[in-house]
Every structure is written in structure tokens, then in C-alpha cells.
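Asker: Before anything else, here's the structure in question.
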Amino acid sequence: MHSLQQNLQDKHIKALIFDLDGVVTQTARVHAQAWKRMFDAYLQKRGEAEGKHYEPLDIETDYREHIDGIPRYDGVRNFLESRGIRLPEGTPEDEAGHETVAGLGNLKNMYFQELVKQEGVDVYEDTIAWLKQQKQKGLRTAIISASKNCVDVLHSAGIAHLFEEHVDGLQSGQLGLKGKPAPDIFLEAARRLGIAPQEIAIFEDARKGVQAGKAGGFGLVVGIDRTHDEAALKAGGADLVIQQFPAP
Numbered sequence: 004m005h006s007l008q009q010n011l012q013d014k015h016i017k018a019l020i021f022d023l024d025g026v027v028t029q030t031a032r033v034h035a036q037a038w039k040r041m042f043d044a045y046l047q048k049r050g051e052a053e054g055k056h057y058e059p060l061d062i063e064t065d066y067r068e069h070i071d072g073i074p075r076y077d078g079v080r081n082f083l084e085s086r087g088i089r090l091p092e093g094t095p096e097d098e099a100g101h102e103t104v105a106g107l108g109n110l111k112n113m114y115f116q117e118l119v120k121q122e123g124v125d126v127y128e129d130t131i132a133w134l135k136q137q138k139q140k141g142l143r144t145a146i147i148s149a150s151k152n153c154v155d156v157l158h159s160a161g162i163a164h165l166f167e168e169h170v171d172g173l174q175s176g177q178l179g180l181k182g183k184p185a186p187d188i189f190l191e192a193a194r195r196l197g198i199a200p201q202e203i204a205i206f207e208d209a210r211k212g213v214q215a216g217k218a219g220g221f222g223l224v225v226g227i228d229r230t231h232d233e234a235a236l237k238a239g240g241a242d243l244v245i246q247q248f249p250a251p
């Protein structure tokens, strides 16, 4: 297997697009905590009212399978369907905690923002050091996230200046972009960079993200295996899987 650097050279890569959560920032863990807090309380309350038991959210399985890397309301809908629950969609203006897809999604977002304020945002130092090196070599950079908190997270972490373009959950909603595994968000970032997908490398930590990169015809799709999930990343079609970025 060729090294990451060799792959970039062989495929004449001109730009890099990074997923935010789990690749650049350690916010995937924070998102998972917020989802678990929201869903576990909701399932317990609903179960007590119905006289039945609902399995709480398992971060290792449920989060990866139903929620990770996709728009927030899609995550609410997917997970609830896995428990045999369907709720009205509601609207983005629904009060946090209201018993709709939007209301529960808004509550999760409130919990996430609370955690970020309490704990701050940690970055993956290996990613940042490698990214800076590539920028010095002249490669272009963009960042994407299904989260609507992308800009706040970038500024909290002090890394917004490292990316020329960003496409996040807010913009995806405004533009009508489909969530991963559809390639829409990556293709929009490529369009903004003005570089063809086949000349761009994608960096993703989730199977759906890897699938999106392959579906978009990107020149190199790299799986970042932070959680010992190499098999899933390879099954999604990753050209290369690494545990961390090579030291500059």
C-alpha cells in the first residue's frame, strides 16, 4: 500500500477536503454525548408512559449506524425508526424537546452547544500539523460538516483560517443538498474551490462519508480510523485507511 504522500503525488491531487467531526476536531465524541443524553431521556419517558422498554442509544453501534455524519433531523428520524417510533416532522422553530423530529433535534443541539461551552473544542494535532504542511506545499483546503455548528466550532478551536471554503449543515439546508452517503456536500465544496473532484482528496472518519466521496468520483478517498473501525471504512470504499496523519 502506497503512503498517503505517495498517493497524493500519484493522483495529482490539488486540493484536500476534510470532514470536521472526528477528522479535524474531537467533536464527534461531544456530538455522541449530546445525542445519548437527549435520546435516553426521551426513550425512558416514552417507555414509562407506554409501559414498555426501549433500548437506550449505544454509542458504538447506534450512533455510527443511524446518526454519525448526516443532517441532524435525519439522525433523529433514523434512530427513532430503529426503535419503531415515528414522530411528526415539526419545523425548525419547534421548541427544544417538543415531541417532533425537529423538537428533539433542537434539544440535542442545545445539549451540544452546552458541552462545547463547558469543555471547549479539542483538535487532532496530527491533522493540523499535516494540513499546515500541505498548505505550505500549495494544496488548497476546504472543510465540510453536516453540523450547523461548524463555524462556531472552527472559531472555538482557532482553526477557521486554515480552510479556504466550508460547507456546513446550514448551507446544505439552504441549498437543498442531500446528506451522506450522497456526495452533494463534497461536490459543493469542490465547486467552491474551483477544482475537479478527480483532483481532490477526501478525508473522512465515517463509512457514509467514505461512500459519499466514492460516489462523487473524488481522486482519493482516505478513511481516518480513530475508533478501530477500519473494516467499515474499507467496506465503504476507502482507497486508503490510516489511524493518524503522518508527522511532517
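If you use this note's numbering, the sequence shown corresponds to residues 4 to 251, in order.
Heads up, the beta-carbon is just placed ideally off N, CA and C, and yes, glycines get one too.
(1) Is residue 27 helix, strand or coil by DSSP?
(2) For the alpha helix (DSSP H) that residue 130 lies in, which residues bound it at each end?
(3) Identify every run of the alpha helix (DSSP H) within the stretch 43-85, keeping only runs that are complete inside it and at least 4 residues long; order them along the chain.
(4) Indicate whether residue 235 and residue 210 have their beta-carbon atoms separated by less than 9 Å.
(5) Within its chain, find whatever has a CB closer than 6 Å to the CB of residue 150; leave out the 5 residues flanking it on each side and keep chain order.
(6) Could you tell me the distance, in whole angstroms, from the CA atom of residue 56 to the CA atom of residue 42?
(7) Using a Cβ-Cβ cutoff of less than 7 Å, which residues in the same chain neighbour residue 219 once the five nearest sequence positions on both sides are dropped?
(8) Can you tell me the Cα-Cα spacing of residue 182 and residue 169, whole angstroms?
(9) Return the chain-ordered ranges of every alpha helix (DSSP H) run that is complete within the stretch 188-240 and spans a minimum of 4 residues.
(10) Rounded to whole angstroms, what's the CA-CA distance from residue 72 to residue 214? Just pull it up for me.
(11) Do residue 223 and residue 203 have their C-beta atoms within less than 9 Å of each other?
(12) Alpha helix (DSSP H) containing residue 169: first to last residue?
(13) Identify, in the order they occur along the chain, each residue of the same chain with its Cβ nearer than 6 Å to the Cβ of residue 146, setting aside the five sequence neighbours on each side.
(14) What's the gap between the Cα of residue 58 and the Cα of residue 101?
(15) Leaving out five residues before and five after residue 40 in sequence, what residues of the same chain have Cβ atoms less than 6 Å from its Cβ?
(16) Using only the alpha-carbon positions, how far apart do residue 208 and residue 217 sit?
(17) Among 232, 212, 205 and 29, which has the Cα closest to the Cα of residue 129?
(18) Between residue 143 and residue 14, how many whole angstroms is the CB-CB distance? I'm expecting something under 8 Å.
(19) Check each candidate in 36, 126, 98 and 69 and name the one with the smallest Cα separation from residue 212.
Answerer: Reading it off the structure:
(1) Taking the sequence shown and counting its residues from 1, the one referred to as residue 27 is at position 24. Correct three-state label for residue 27: coil.
(2) In the sequence shown, the residue the question calls residue 130 occupies position 127. Residue 130 -> alpha helix (DSSP H) spans 128-139.
(3) 75-85
(4) Position 232 of the sequence shown, counted from the first residue, corresponds to residue 235. Position 207 of the sequence shown, counted from the first residue, corresponds to residue 210. Result yes, Cβ atoms of residue 235 and residue 210 sit closer than 9 Å.
(5) Taking the sequence shown and counting its residues from 1, the one referred to as residue 150 is at position 147. Here the set comprises 172.
(6) Sequence index remark: in the sequence shown, residue 56 carries index 53 (1-based). Sequence index remark: in the sequence shown, residue 42 carries index 39 (1-based). Whole-angstrom Cα-Cα distance: 13 Å.
(7) In the sequence shown, residue 219 corresponds to position 216, counting from 1. Correct list, in chain order: 186, 189, 190 and 200.
(8) Within the sequence shown, numbered from 1, the residue matching residue 182 stands at position 179. Within the sequence shown, numbered from 1, the residue matching residue 169 stands at position 166. Cα to Cα, residue 182 sits roughly 15 Å from residue 169.
(9) 210-218 and 233-238
(10) What you label residue 72 is simply residue 69 of the sequence shown in a count that begins at 1. What you label residue 214 is simply residue 211 of the sequence shown in a count that begins at 1. Computed Cα separation, rounded: 11 Å.
(11) In the sequence shown, counting from the first residue as 1, residue 223 sits at position 220. In the sequence shown, counting from the first residue as 1, residue 203 sits at position 200. Cβ distance < 9 Å, so residue 223 and residue 203 count as in contact.
(12) Counted from its first residue, the sequence shown places residue 169 at position 166. Unbroken run through residue 169 is the beta strand (DSSP E), 168-170; no alpha helix (DSSP H).
(13) Taking the first residue of the sequence shown as 1, we reach residue 146 at position 143. For residue 146, where only same-chain residues beyond five positions count, the Cβ hits under 6 Å are 21, 23, 166 and 169.
(14) By 1-based counting over the sequence shown, the position of residue 58 is 55. By 1-based counting over the sequence shown, the position of residue 101 is 98. Computed Cα separation, rounded: 21 Å.
(15) Residue 40 sits at position 37 when you count from the first residue of the sequence shown. Excluding positions up to five away in sequence, the list reads 114.
(16) Your numbering for residue 208 matches position 205 in the sequence shown. Your numbering for residue 217 matches position 214 in the sequence shown. Those two C-alpha atoms are separated by around 14 Å.
(17) For the purposes of this step, residue 129 is taken as residue 126 along the sequence shown, with counting starting at 1. Ranking the options by Cα distance to residue 129, first place goes to 29.
(18) Your numbering for residue 143 matches position 140 in the sequence shown. Your numbering for residue 14 matches position 11 in the sequence shown. Going by Cβ atoms, the distance from residue 143 to residue 14 rounds to 15 Å, so no, they are not a contact pair.
(19) Against the sequence shown, residue 212 aligns to sequence position 209. Among 36, 126, 98 and 69, the Cα nearest to that of residue 212 belongs to 69.
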